[in-house]
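Visitor: Take this structure first; my questions come after.
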Amino acid sequence: MLRGSQMLRRAVIHVSGIVQGVGFRPFVYRLAIHHNLKGYVLNLGDAGVEIVLEGEDSAINEFVEDLKSKKHPTARIDYLKITLMQYKGEFNDFKIETSSPRTSQVLSTVPPDVGICDDCIADILTPGRRWYHYPFTCCAVCGPRFTVICDLPYDRERTSMVDFPLCRDCLKEYEDPLDRRYHAEGICCPICGPQMFLYDNKGDLVDDSNPIVTAAKLLSEKYIIAVKGIGGFHIAATAVDDDVVLELRRRRKRKSRPFAVMSPDIPTIRTYAIVSEQEEKLLKSYQRPIVLLRKSPGYYLSKWVSPGLHNVGVMLPYTGIHLLLLHYCHEPALIMTSGNIPGEPMVIDNANAFRSLGNIVDYFLVHNRRIVNRCDDSVLRVTSNLPTFIRRSRGYAPTPIHLDTLKSNVTVLSLGAELQVTGALLREDKCFLTQHIGDVDNYSALNFLKDALSFLLKVTRTKHIDVVVCDLHPNFSTTRLAQLLAEKYNAELIQIQHHFAHLSSLIAESGVSLDDPVVGIVIDGYGYGLDGTAWGGEIILYKDGEFERLGHLRYQPMPGGDASAKYPARMLAGMLSTILPLREVRDFLMSHCLDGFKHGAAELDAVLKQLAKDFNVPRTSSLGRVLDAFSALFGLCYERTYEGEPAMKLESFALSASKSSSININTPLILDKTITINVNDLLRQVINLIESKETIPANIIAREIHRSLAKALAEAAIQVAESVDTHLIGISGGAAVNDLIVSTIENEVRKNGYKLLRHRSVPPGDGGISLGQAFAASLKYQH
Ligand SMILES: [Zn+2]
Ligand SMILES: [Zn+2]
Ligand SMILES: [Zn+2]
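For the sequence shown, this note's numbering begins at 198 and goes up steadily by one.
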C-alpha cells in the first residue's frame, strides 16, 4: 500500500538470544515509538520475543538497524528473522503484550545478575536526584536478578524485593513504558527500598543514617569490615597496607591464597596493574568479573595481596554499595574477599554473618534485603589472548550453555568432581550450570550443591531425571550424593572418568560435529584414572561418542600419596628417584632443596626409605605434580596452601624471565601402543643444567621447562591426530589457564596445520566438569 511516496508494510520479527530480564521489550517499545511504528512486542518466554510492526518501509528498516546496534550490551541477539507481509492497518498504537499461551511450553531461564549501569551510577552520584547516594539503585537493564529470584516467571512477587512494596514515584516509573525503569522488577528508592546499617562486631548498631560513609572512613583507618553485597558477604580491607593485609591473613587463617581487590575505575587500576584493551572490556562488561591482571613494574599494593604471583585479581564496583564505599574511602584498591568460614560456602544472611565472621572483622556493613541465591564473584584470566574462566558464577550463572550439536533424549543431572564444583542439569539442547559451589569436601558445601541443583530443577519445572552422573572416584562426596539422587529419581547412575569429562565439556561448548574425532590435551592436578592411578597429563581421543586414553605423562612415584601433593619437595624426591640412585638423590636434595623438608635430613631420609621400599607410593601422570616438583626445585613453594599454588608460582617465576635464551632442553616421547611423555628425561637435563658450570638464570630454565612440556604435549596430540585423520585438537583441564603452556601448544598446533579448540563458555578447570559429565552421559543415549 502507498502513502505519499512511501510504501506501507507489515513486518513480523522473531528475536531470540538473551532478551528476557534485560529491558529488551521496553527498548523495542521506545524504538517503535521513535520510528512511528504501530503494532506490539510479545514475550515468548525462552523462545525469545515476537515483534509485529506496521508502518513505512524505511521506518521498519531503520527500526531493525537500531534493534541490532542500539540494544543494551546485556541483551544478545542470537537469531533474528524478519517476515515482510502486506499492510493491514490493524493497530492504533504500539503495545507491550506481556504474556502469551505460547510462553508456557518452553524451558525458561533465570537471568543472571547485572552490574550497575552508567545511568544508575549517574543517578547515585548526582545531587538532587531521588537516588542520590542510594546504594540499591537499579533499572530495567541492571541490578541483581538470579540472587534475588525465588522462582519464575521473573516478577517482583517472586523475588526478595517482595518485602519492599513500590512507593508512588517508583510505581509511576514501573508503569511508564517510556521510562528506563519500566517493568524493572527490582527497582526501588530511599523511600521504599532496602536500607543499610553498620554494626560493630559485638552486634551493636553504630550507624544507620550514613553507614556507608562511616564504613568507608573506618576502612581507611585500617579496620576490617564484612560487607553484604548481592550474592553474599565480602570481607573488605585496605589493600595497600602490609600490616592490615597480614592481620587479615592471620584472622582469616589464610596463609598465601591470593585476595581479590576492587578499585573505583580503570585509570586507578592502571596505577598498579597492566590492563590490555581486552581486559578492560572484560572488567567493564556487565558481568563485572574479577580479572587476573599482571602487576605493573610500579605495583604498590601490599605484596601480601597475592604473594609470589605475577598477577592480581581485580574487579570494578558492581553495585551502588561498592560504588559509594570506594567513592568515600579514597583507597586505590580494597581487598574484597569472600566472607566465609574457611572451606565453607560464603555467608549470605546477617545472623549467620555475625555468628561466623565476628572474630574475623571489626564491623559489619549489612542491609535488610534477603539473598535468595548465594553467588560468588566470577574469575577470568586472558590466557593466550582468550578470556578464560577460572570460575563461572555471578553475572553468568545460571544462563544455560546452548548445545549446538546435541538435542538430548534424556534429562541428566551431573554433580562435578570434588574441587571447584558446579552441578548441571541437561535438558534437550541446554545445559544449565549452577553457580560456583566450591570444594565439596564438607557438609555445608554439599548442601549448597543440593540446594543449587534443586533451584535449577524448580525453575525449569523438571520433575523427572533419567540419568545422574558423577566422577569415577569411589570416595568423592559427590559420588555418594549421586547414588542417593539416582535412587530418589529412579534414574540410571553413570560415572564418567574425570579427564574424559574435561574433554567432553570442551566438545559440548565448541559445537564441533560429533562425527569429527577430537584429540584432547587434558592437563590438571588430579583425576581418578581408569586404572585407579592419579591421572592429570593425558592425551585423550574422542571418537564416535567414546573416549580413549592414547597418551600420558610418564608415571611418577608420589611418596606418601597426598603428602607429595601438599609438600612438593617430596614429589621432587620421587621424580629424582627414577633417574638417580637414591644416594645421589639424597646428595642433590641435601645441597639444593633441604628447606623443602620441614624436619630436614631426617624427613628426607624417611621419604627416601619409603621410596626404597615402595611402600605407600602411588603413581601419577599429573602435569600439576610435575610442575609442583619443579616449583620445589627452584625453591618457590615448599608447601601447597591452596590448590595449584606451586604451579602458579612456577608460572609467575617463568614469566619474569627475558624471552631470549640459548638453552636447549626437550621432553622426549616414548612411542608404543600409547605415547608416554618422558618428563623424567626433562628433569635429568634440568639437573645437568643446574649442575653445569655456566650460570643460567633459574627463571629462564623455568620458562624453558614450560615450553618443553607444552611442545611435548602438542607433539603427542599431533601424532594421535595424524593417526585418526582429524584436524581438531583441544585443550582442557585446570592447567589450561597457564599462559606459557597454552600459548606454546597453540603455536605448535597451528604451525602444523591443526585447529586448537579452547574453552570459552565454561572453565577448563573442574568448574566445567559437570557440563562434560552431562554431555558424555547424554551421548550414550543418542542414536
Ligand atoms: Zn541501571
Ligand atoms: Zn520508591
Ligand atoms: Zn580436573
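A virtual CB, placed ideally from N, CA and C, is assigned to each residue, including glycine.
For LEU917, collect the residues of the same chain with a Cβ closer than 8 Å to its Cβ; drop the 5 residues on either side in sequence, then sort them by chain order.
Guide: Reading the sequence as shown, one finds Val at residue 917 and not Leu. Only VAL716, ILE736, LEU738, LEU747, GLY748 and ILE872 meet the Cβ criterion.
Visitor: Determine the burial state of ILE867: buried for a count of at least 16 other Cβ atoms within 10 Å of its Cβ, exposed for fewer.
Guide: Exposed is the call here.
Visitor: Can you tell me whether GLN302 is buried or exposed, with buried defined as 16 or more other CB within 10 angstroms of its CB?
Guide: Only weak support is given to the placement of GLN302: the predicted model assigns it a pLDDT of 49, under 50, and the value that follows is read from those uncertain coordinates. Per the 10 Å Cβ criterion, exposed.
Visitor: Could you tell me the alpha carbon to alpha carbon distance between LYS425 and TYR560, rounded to whole angstroms?
Guide: Roughly 11 Å between the two C-alpha positions.
Visitor: Using CA coordinates, which residue listed in MET533, GLY540 and TYR496 is at the minimum distance from VAL576?
Guide: The option with the nearest alpha carbon to VAL576 is MET533.
Visitor: Could you check the C-alpha separation between GLY754 and LEU953 for me, to the nearest Å?
Guide: Correcting the residue identity first, residue 754 is Pro in this sequence and not Gly. Cα to Cα, PRO754 sits roughly 32 Å from LEU953.
Visitor: Determine the closest residue to ALA731 out of LYS806, SER819, LEU669 and ALA705, with distance taken between C-alpha atoms.
Guide: Of the listed residues, the one whose Cα sits closest to ALA731 is SER819.
Visitor: Under the DSSP definition of a beta bridge, which residues are partnered with GLN283?
Guide: DSSP output for GLN283 lists ARG206 as bridge partner(s).
Visitor: Would you kindly check if the distance between the Cβ of SER499 and the Cβ of ILE471 is under 7 Å?
Guide: Their beta carbons are not under 7 Å apart, which means ILE471 does not touch SER499 by this criterion.
Visitor: Under the three-state reduction of DSSP, which class applies to GLN692: helix, strand or coil?
Guide: Strand, per DSSP.
Visitor: Cα separation between PRO175 and GLU262?
Guide: Residue numbering for the chain in the displayed model covers 198 to 980; residue 175 lies beyond these limits and cannot be assessed.
Visitor: Going by the beta-carbon positions, is the gap between GLY429 and ARG571 smaller than 7 Å?
Guide: Yes, the Cβ-Cβ distance between GLY429 and ARG571 is below 7 Å.
Visitor: Is it buried or exposed for LYS268, if we count other Cβ within 10 angstroms and need 16 for buried?
Guide: LYS268 should be labelled buried.
Visitor: With DSSP as the reference, label ARG989 as helix, strand or coil.
Guide: The shown model of the chain, from 198 to 980, leaves out residue 989, and the question about it has no answer.
Visitor: If you measure from each residue's Cβ to the nearest non-hydrogen atom of ligand 3, which ones come out under 6 Å, in chain order?
Guide: That query returns the following residues: HIS695, HIS699, ASP721, GLY724, GLY930, GLY931 and ASP963.
Visitor: Within the present structure, is the beta-carbon of CYS336 separated from the nearest heavy atom of ligand 1 by less than 6 Å?
Guide: CYS336: yes, Cβ under 6 Å from ligand 1.
Visitor: Return yes when at least one heavy atom of ligand 1 lies under 6 Å from the C-beta of CYS572, else no.
Guide: Every heavy atom of ligand 1 is 6 Å or more from the Cβ of CYS572, so no.
Visitor: Excluding five sequence neighbours on each side, which residues of the same chain lie with their C-beta closer than 7 Å to the C-beta of LYS419?
Guide: For LYS419, where only same-chain residues beyond five positions count, the Cβ hits under 7 Å are THR435, ASP438 and VAL441.
Visitor: Residues around ligand 2, please: the ones whose beta-carbon is closer than 7 Å to some heavy atom of it, in chain order.
Guide: Spelled out in chain order, the answer is LEU363, CYS364, ASP366, CYS367, CYS385, CYS386, ILE388, CYS389 and GLY390.
Visitor: What is the residue span of the alpha helix (DSSP H) that HIS633 lies within?
Guide: It is not in any alpha helix (DSSP H) - HIS633 carries neither H nor E in the DSSP assignment.
Visitor: Buried or exposed, going by whether 16 or more other CB atoms sit within 10 Å of the CB of ILE421?
Guide: Looking at its Cβ environment, which holds 16 or more other Cβ atoms inside 10 Å, ILE421 is buried.
Visitor: If ILE538 sits next to SER553, beta carbons under 8 Å apart, how far is it from one beta carbon to the other, in whole angstroms?
Guide: ILE538 to SER553, Cβ: 5 Å. Contact.
Visitor: Among PRO595, ARG326 and ALA809, which one has its Cα closest to the Cα of PRO778?
Guide: For PRO778, the nearest C-alpha among the options comes from ALA809.
Visitor: Look at the Cβ atom of ILE942, then the Cβ atom of ALA911, and state whether they are nearer than 7 Å.
Guide: In this structure, ALA911 lies closer than 7 Å to ILE942 by Cβ.
Visitor: Does ligand 1 have even one heavy atom less than 6 Å from the beta-carbon of CYS667?
Guide: No.
Visitor: Suppose the cutoff is 6 Å on Cβ atoms and the five residues either side in sequence are ignored; what does the same chain contact list for PHE972 look like?
Guide: So the list reads SER701 and ALA705, once near-sequence residues are dropped.
Visitor: Quick one: using the 10 Å Cβ neighbour count with 16 as the cut-off for buried, is GLY962 buried or exposed?
Guide: GLY962 is buried by the Cβ-count criterion.
Visitor: Check this for me: beta carbons of ARG273 and GLY214, under 7 Å apart or not?
Guide: Cβ atoms of ARG273 and GLY214: closer than 7 Å.
Visitor: Can you name the start and end residues of the beta strand (DSSP E) that LYS492 belongs to?
Guide: Counting along the chain, the beta strand (DSSP E) containing LYS492 begins and ends at 487 to 492.
Visitor: Measuring alpha carbon to alpha carbon, tell me which residue in ASN240, ASP315, ASP869 and HIS789 is nearest PHE831.
Guide: Checking every option, the nearest Cα to that of PHE831 belongs to HIS789.
Visitor: Check whether the Cβ of CYS834 sits closer than 6 Å to any heavy atom of ligand 1, and report yes or no.
Guide: For ligand 1, not one heavy atom lies less than 6 Å from the Cβ of CYS834.
Visitor: Give a yes or no on whether the C-beta atoms belonging to LEU886 and THR864 are separated by under 7 Å.
Guide: Taking 7 Å as the Cβ cut-off, LEU886 and THR864 do not qualify as a contacting pair.
Visitor: Which residues in the same chain as CYS386 place their Cβ atom closer than 7 Å to its Cβ, once the five residues preceding and following it in sequence are excluded?
Guide: Excluding positions up to five away in sequence, the list reads ARG327, TRP328, TYR331, CYS364, ASP366 and CYS367.
Visitor: Which partner residues does ALA731 have in the DSSP bridge list?
Guide: For ALA731, which the question treats as bridged, DSSP gives the partners TYR725 and THR817.
Visitor: Relative to the C-alpha of ILE248, which residue among LEU610, THR280 and SER266 is closest?
Guide: That would be THR280, whose Cα lies nearest to the Cα of ILE248.
Visitor: Is it the case that the Cβ atoms of GLY969 and HIS661 are separated by a distance below 7 Å?
Guide: No, the pair does not count as a contact, with Cβ atoms beyond the cut-off.
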